[in-house]
Amino acid sequence: MKGSRRALLVLTAVVAVAAAAVGGGGASPEQAKTIVIGWAYDGKGSMAPFDGPALATATSHVKKFNKGAGFNLRIVTCDTQGNEPAAAKACAARLLGNG
Numbered sequence: 189m190k191g192s193r194r195a196l197l198v199l200t201a202v203v204a205v206a207a208a209a210v211g212g213g214g215a216s217p218e219q220a221k222t223i224v225i226g227w228a229y230d231g232k233g234s235m236a237p238f239d240g241p242a243l244a245t246a247t248s249h250v251k252k253f254n255k256g257a258g259f260n261l262r263i264v265t266c267d268t269q270g271n272e273p274a275a276a277k278a279c280a281a282r283l284l285g286n287g
């Protein structure tokens, strides 16, 4: 339950920042239709019991949000493979490069 609340809080913060960015007029209407959220998670290591449910909750909330919002959210994920430094670095580069 605590992980679900945390995921919802994080998602709410991301949506607030995204809404401010969209409302700021920096992007064209076509670009502003989808906001991409990069999510690095541990799929098999010590954080997997926490990261998996948080990601599932965030994904569920994104689906609900997208039904009623004027723009869409999309989560792009990358598994850090047990928080291995090389994998985490590659995830960060990939997620930042896509956003």
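In terms of my numbering, the sequence shown is residues 189 to 287.
For every residue, glycine included, the Cβ atom is placed at its ideal position computed from N, Cα and C.
I'd like to confirm the pairing. Which residues does DSSP put opposite residue i in its beta bridges?
i	result
G226	V264
If you draw a straight line from the alpha carbon of residue i to that of residue j, how long is it in whole angstroms?
i	j	result
A242	G285	23 Å
A236	K277	18 Å
T245	D239	10 Å
D230	K252	24 Å
R282	V250	21 Å
A280	G256	30 Å
S234	A274	17 Å
Between residue i and residue j, which are expected to be in contact by the criterion C-beta below 8 Å, what is the C-beta distance as a whole number of angstroms?
i	j	result
T268	W227	Actually they are not in contact, since the Cβ atoms of T268 and W227 sit about 10 Å apart, beyond 8 Å.
I225	I263	5 Å
N271	L261	The pair is not a contact, with the Cβ atoms about 25 Å apart (cut-off 8 Å).
F259	K221	5 Å
Going by DSSP, what residue range makes up the alpha helix (DSSP H) through residue i?
i	result
G240	236 to 256
N271	N271 -> no alpha helix (DSSP H), and no H or E assigned at all.
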